[in-house]
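Residue numbers (this note's numbering), protein chains in the order written: chain A, 1 to 245; chain B, 246 to 490.
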């Protein structure tokens, strides 16, 4: 009986979410989510937009999503948030359907915010007041706020990094220092953890910053196990990083 | 006038591609592509499906897509192919709109085929005759055919790897040997290149196999430059890999 009710609920939810069944705008206004959100997990929101770089988005997404295949830990719900439910196009040209629209109501509480780099994080995205306001609002209640590569420019512009040490994409460090002269900036590291903020150099090193979060939350053994699933030999002690706390 | 005609064409094309405006199946039959395909480039097709693992898909996608920002080389057009134009859902839960449907006509010629791992590459995907036939058809004319992680199971099942050395995801090597006892399998390497086939251990090491293809096609300097953009220190000579040729 339970199975039948569950199956029926699934069908109803599926119908409710499908943009093919009714006017898409009406569907959006009705329901701002497409994924079930299991309780007793960390909610991890990935801020994506047109121009998001694939790797800095999928590397931490995979590390965090894979936590749900480890026993006896408070795993993570991973989902994407954008300023639309229409497909966004990444820098490399993938078309991805966001899970949530942050300009609408109905967003789950976000425990960990991930800001991957995007093409316009050094220019037009910094002028997007709604984006910056969303980041500030999530920051106020988040456990961790993380950036990869130029995502740090968004956090800095939102005013979140003034009191902590941070880093960004190696080739953009000088621009970062120039644009935000009040910041304490560390170069030549894979990532920096200060307060609730973890800023990463990005690129393929985005895995390491995400694994560090896992080691903090779940311990070294779980981090090593998740790393192994992605053919990474994990040893935090061997990494060039800055962990002031 | 030219601008007006271009704008009108764009509107018409947009209408034609949008599944909201008409029956989606009819739209698919009308136009099996969404990306312009510039000439004088290598066409690189990424075979995606429900259950594709993000990293093994986006790591080589990014390396190859970034070739177009390097001067004086025959860069790559990167696009996705699936058995549908409807969104596929990756193993980690991203919903991605494929660029081409391989069950329809109108696919561009593929010079390099990339087969990232997917959830059912050890079971149901191996029974998908249409998938295997597509892989064989592309293989017949391709310059390189590459797999990441369990993608090797698809190539092996299609009968492409019988005469070459290959590898797969470290934890699945024994299953691979057992399922395909005729194969010459190499373990404990990041990737193997033999003939036109490059098979990779996958995970985060998918970057390395893709960078190797770039080094073969464009030389070490271009490979190092693309690697740097993804915060990877590239040195082919230092990597555990097998290149019989």
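For each residue, glycine too, the CB sits at the ideal point set by N, CA and C.
So, helix, strand or coil for residue 25 (chain A), using DSSP? The predicted position of residue 25 (chain A) is uncertain, since its pLDDT is 45 and thus under 50; a value taken from the coordinates is nonetheless stated next. Under the three-state reduction of DSSP output, residue 25 (chain A) falls in the helix class.
Since I believe residue 113 (chain A) is in contact with residue 146 (chain A) (beta carbons under 8 Å), could you give me their beta-carbon distance rounded to a whole number of angstroms? Between residue 146 (chain A) and residue 113 (chain A) a beta carbon distance of about 7 Å is seen, short of the 8 Å cut, so the two are scored as contacting.
In terms of DSSP beta bridges, what is residue 192 (chain A) paired with? Answer is A:199 and A:242.
Look up residue 411 (chain B) in the DSSP assignment and give the residues it is bridged to. DSSP, once it has assigned bridges, lists B:430 as partnering residue 411 (chain B).
Please state whether DSSP places residue 93 (chain A) in a helix, a strand or coil. In the structure shown, the three-state DSSP call for residue 93 (chain A) is coil.
Could you tell me whether the Cβ of residue 231 (chain A) comes closer than 7 Å to any Cβ of chain B? Residue 231 (chain A) counts as touching chain B.
Under 8 Å by beta carbon: chain A residues contacting residue 401 (chain B): Simply none; closest approach about 19 Å.
Quick one: which residues of the stretch 50 to 72 of chain A get their C-beta closer than 7 Å to a C-beta of chain B? List them in chain order. Contact annotation: in the stretch 50 to 72 of chain A, residues whose CB is within less than 7 Å of a CB in chain B are 54, 55, 58, 59, 61, 62 and 65.
Tell me whether the beta-carbon of residue 81 (chain A) lies closer than 7 Å to the beta-carbon of residue 53 (chain A). No, these two residues do not count as a Cβ contact at 7 Å.
Pick from A:72, A:105 and A:232 that is closest to residue 415 (chain B), judged by C-alpha positions: Among A:72, A:105 and A:232, the Cα nearest to that of residue 415 (chain B) is on A:232.
Cβ pair residue 96 (chain A), residue 339 (chain B) closer than 7 Å: Result yes, Cβ atoms of residue 96 (chain A) and residue 339 (chain B) sit closer than 7 Å.
Between residue 185 (chain A) and residue 178 (chain A), what straight-line distance do the alpha-carbon atoms span, to the nearest angstrom? Pairing residue 185 (chain A) with residue 178 (chain A), the inter-Cα distance amounts to about 11 Å.
What in chain B is Cβ-close to residue 136 (chain A), meaning under 8 Å? The contacting residues do not exist; residue 136 (chain A) stays about 26 Å from chain B at best.
Distance check for residue 421 (chain B) and residue 433 (chain B), CA to CA, integer angstroms please. Inter-residue distance for residue 433 (chain B) and residue 421 (chain B) is about 14 Å (C-alpha atoms, whole angstroms).
Out of B:419, B:443 and B:382, point me to the one whose CA is closest to residue 411 (chain B)'s CA. For the set B:419, B:443 and B:382, the Cα lying nearest the Cα of residue 411 (chain B) is the one of B:443.
Note the first and the last residue of the continuous alpha helix (DSSP H) segment covering residue 55 (chain A). Unbroken alpha helix (DSSP H) run through residue 55 (chain A): 54 to 65.
Below 7 Å CB to CB, which residues in the same chain sit around residue 210 (chain A) once its five sequence neighbours on both sides are set aside? Exclusion of the five residues before and after residue 210 (chain A) leaves 59, 60, 63 and 64 as the residues of its chain whose Cβ lies within less than 7 Å of its Cβ.
Nearest chain A C-beta to residue 469 (chain B) closer than 7 Å, yes or no? Closer than 7 Å: no.
What residues of chain A sit near residue 452 (chain B), judged by a beta carbon separation below 7 Å? Neighbourhood of residue 452 (chain B) in chain A, by CB distance below 7 Å: 204, in chain order.
Please check if any C-beta of chain A sits within less than 7 Å of the C-beta of residue 283 (chain B). At a cut-off of 7 Å, the C-beta of residue 283 (chain B) has no neighbouring C-beta in chain A.
For residue 446 (chain B) versus residue 435 (chain B), is the C-beta distance shorter than 7 Å? In this structure, residue 435 (chain B) lies closer than 7 Å to residue 446 (chain B) by Cβ.
Just confirm the distance between the C-beta atoms of residue 150 (chain A) and residue 172 (chain A), as a whole number of angstroms; I'd bet it's less than 8 Å. Between residue 172 (chain A) and residue 150 (chain A) the Cβ distance is about 6 Å, and since that is below 8 Å, they are a contact.
In whole angstroms, give me the CA-to-CA distance for residue 328 (chain B) and residue 288 (chain B). Note on geometry: alpha-carbon atoms of residue 328 (chain B) and residue 288 (chain B) lie some 18 Å from one another.
With a Cβ-Cβ cutoff of 7 Å, do residue 336 (chain B) and residue 367 (chain B) count as a contact? Not a contact, by the Cβ cut-off of 7 Å.
Taking residue 145 (chain A) as part of the alpha helix (DSSP H), name the residues at either end of that continuous run. From DSSP, residue 145 (chain A) is part of no alpha helix (DSSP H) but of the beta strand (DSSP E) over 144 to 148.
I need the boundaries of the alpha helix (DSSP H) containing residue 81 (chain A), first residue and last residue. Per DSSP, residue 81 (chain A) lies in no alpha helix (DSSP H); the unbroken beta strand (DSSP E) holding it starts and ends at 76 to 82.
Residue 120 (chain A) and residue 45 (chain A) closer than 7 Å at C-beta: Residue 120 (chain A) places its beta carbon 7 Å or farther from that of residue 45 (chain A).
Within the same chain, show all residues whose beta-carbon is closer than 6 Å to that of residue 371 (chain B), passing over the 5 residues directly before and after it, in chain order. Here the set comprises 402.
Who are the Cβ neighbours of residue 470 (chain B) in its own chain at under 8 Å, not counting the five residues just before and after it? Non-local C-beta neighbours of residue 470 (chain B) in its own chain, meaning closer than 8 Å and more than five positions away in sequence, comprise 315, ordered along the chain.
Interface residues of chain B facing residue 96 (chain A) [CB-CB closer than 7 Å]: Per Cβ cutoff of 7 Å: 339, 340 and 341.
I'd like to know whether the C-beta of residue 210 (chain A) is nearer than 7 Å to at least one C-beta of chain B. Not flagged as an interface residue toward chain B: residue 210 (chain A), since no C-beta distance is shorter than 7 Å.
Does DSSP classify residue 153 (chain A) as helix, strand or coil? The three-state secondary structure of residue 153 (chain A), taken from DSSP, is helix.
Where residue 124 (chain A) falls, given that 16 or more other Cβ within 10 Å makes a residue buried: Per the 10 Å Cβ criterion, exposed.
With a threshold of 7 Å between beta-carbons, can residue 485 (chain B) be considered close to chain A, or not? Among the residues facing chain A, residue 485 (chain B) is not included, as its CB has no counterpart in that chain under 7 Å away.
DSSP state of residue 46 (chain A), grouped into three classes? The three-state reading of DSSP puts residue 46 (chain A) in strand, counting E and B together.
Under 8 Å by beta carbon: chain B residues contacting residue 199 (chain A): None at all; the shortest Cβ gap to chain B is about 13 Å.
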